[in-house]
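Novice: So for the sequence shown, the UniProt record's numbering puts the first residue at 1; every next one is plus one.
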Amino acid sequence: MTQNFLTLNGKKFYYDEIAAYSFRNSVPLNGYEAKTLEFCRDWLNGVQEFPIHTSGSTGTPKLITLTRKQMETSARRTLNLLGLQAGEHMLVCLNTEYIAGMMMLVRGLLGDMHMTVVDPVGNPLTLAPADEVYHFSSFVPMQLQTILQENETYVARLNSMKAILVGGAPVSFSLQRELQQLQAPVYHTYGMTETSSHIALRLLNGPSAADYYETIAGVTIGQDNRGCLTITADITENETLITNDIVEILTPTRFRWIGRADNTINTGGVKVQTEVVEVAVSEAVAELEQAPRFFVASQPDELLGEKVILVLEGEPLAEETEQQIMEKMRTLLRKFEMPKDIYYSPAFSETATGKVSRLRTMQKLGLETD
């Protein structure tokens, strides 16, 4: 291998000692570090099946099994698509107990890349040595937002990369606007645990930025009778995976994501897609000095059956500010799409991968959930 070690939270581990786990009693490890090295040990020793928990962002987490072949196929396609080479340096800062972080490890091991692995904190660049140049990394939107807001020197570090992936949650209007300052290409990923990470990418910045996803090689897409995306590929072992994502298919390799079928609100007999409302909210709150996190949901209503509501994170906004947000949304939304009430949560509940848990947040607020 071009590089025969990785760095984990500042500690160097050679691949031969990882494979033998020979350091176990000589190097102090926290639970996260141990789990990371255990996966690398299994991979280096040729394990053929890997049990992985789904993130639980849209329901109860479940345990599935992916084969080594599925993960290798996905990793090779990403390495080839992004032009990543052996010996280049990648920063791994996503939770390695879930598919996004786990596949970063696979790409590094398979591609003979030098890996620096750090805890999945808000700004992982604070844990990465300042003199190291990275060619590739993957973030969740909150991490990228934090990096771009904290220090201008971080922009230069991001710009040294050949490619940046961002996924796990929607990219807000304000973040997409901030990404335009980056020269390095930033791709929004579409995928899930069952597909060994992403099956499609959407370029977010630069003159070729797009509002649609382009599938990677070997993926066939379609729609079911609900208009939801179906995926057939070797990484699904040629079985057709039916998603809950409503899409508009543009070409055999391109699709535009509309929203999740289980995020449809029937209000007064009219179907409203929460993601459509969230795009408008994102643009409205982008005018604030610091845009809060938010999500759109529904509550029972005697007249409408269901009503659209908006949940903002943080302390309640001043009445004047709240009215400004509502006025901005009225210019972007139809009457039946407008939130009828605004609720505030001091802090959103999150899944282990850093995604907002709408269910637990609403339960904390005493709001009804489906």
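We treat Cβ as the ideally placed atom computed from N, Cα and C, and that holds for glycine.
This structure is a prediction, so every number in the text was calculated from the model and none was measured.
1. Buried or exposed: where does residue 318 fall if 16 or more other Cβ atoms within 10 Å of its Cβ makes it buried?
2. For residue 266, does the count of other Cβ atoms within 10 angstroms reach 16, so buried, or fall short, so exposed?
3. Let me confirm a value: residue 208 is counted as buried when at least 16 other C-beta atoms fall within 10 Å, else exposed. Which label applies?
4. Quick check on residue 362: does DSSP put it in helix, strand or coil?
5. Let's test the definition: count the other Cβ atoms within 10 Å of the Cβ of residue 216 and tell me whether it reaches 16, buried, or not, exposed.
6. By the three-class DSSP mapping on this structure, what secondary structure does residue 161 have?
7. Taking all protein chains shown into account, decide if residue 303 is buried (16 or more other Cβ within 10 angstroms of its Cβ) or exposed.
8. Can you give the Cα-Cα distance for residue 373 and residue 25, rounded to whole angstroms?
9. Are the segment 27-39 and the segment 152-172 touching by the rule of at least three beta carbon pairs closer than 8 Å?
10. Just the C-alpha distance for residue 225 and residue 332, rounded to the nearest angstrom, thanks.
11. Start and end of the beta strand (DSSP E) containing residue 130?
12. Are there 16 or more other CB atoms within 10 angstroms of the CB of residue 196, so buried, or fewer, so exposed?
13. Can you list, in chain order, the residues of its chain whose CB lies under 6 Å from that of residue 180, leaving out five sequence neighbours each side?
14. Would you say the segment 262-277 touches the segment 91-106, given that touching needs at least three Cβ pairs under 8 Å?
15. Span of the alpha helix (DSSP H) holding residue 144?
16. Is the CB-CB distance between residue 44 and residue 79 below 9 Å?
17. Below 9 Å between beta carbons: does that hold for residue 328 and residue 168?
18. Would you kindly work out how many angstroms separate the C-alpha atoms of residue 313 and residue 10, rounded to a whole number?
19. Which residues in the same chain as residue 229 place their Cβ atom closer than 7 Å to its Cβ, once the five residues preceding and following it in sequence are excluded?
20. Apart from the five residues just before and just after residue 2, which ones in its own chain have a Cβ nearer than 7 Å to its Cβ?
21. From the DSSP output, read off the bridge partner residues of residue 256.
22. Only counting the same chain, and skipping five residues up and downstream in sequence, which positions put a Cβ closer than 6 Å to that of residue 63?
23. Whole-angstrom Cβ separation of residue 49 and residue 36, contact assumed at under 8 Å?
24. Roughly how many angstroms lie between the CA atoms of residue 368 and residue 344, to the nearest whole one?
Specialist: In short, the structure shows the following:
1. Its Cβ having fewer than 16 others within 10 Å, residue 318 is exposed.
2. exposed
3. Counting every other CB atom within 10 Å of its CB across the protein chains shown gives residue 208 a total below 16, marking it as exposed.
4. helix
5. buried
6. coil
7. The residue in question, residue 303, is exposed, as its Cβ has fewer than 16 Cβ neighbours within 10 Å.
8. Because the chain in this structure spans residues 1 to 370, residue 373 falls outside the shown range and cannot be described.
9. no
10. 29 Å
11. Element bounds for residue 130: n/a, residue is neither H nor E.
12. buried
13. 205
14. Between the segment 262-277 and the segment 91-106, the count of C-beta pairs closer than 8 Å stays below three; the two stretches do not touch.
15. Segment 141-150, the alpha helix (DSSP H) holding residue 144.
16. no
17. no
18. 34 Å
19. 221, 223, 243, 245, 247, 255
20. Since pLDDT at residue 2 reaches only 44, below the 50 mark, its modelled position is unreliable, and no value is offered.
21. DSSP, once it has assigned bridges, lists 248 as partnering residue 256.
22. Hits under 6 Å: 51, 53.
23. Their Cβ separation, rounded to whole angstroms, is 19 Å, which puts residue 49 and residue 36 out of contact at 8 Å.
24. 15 Å
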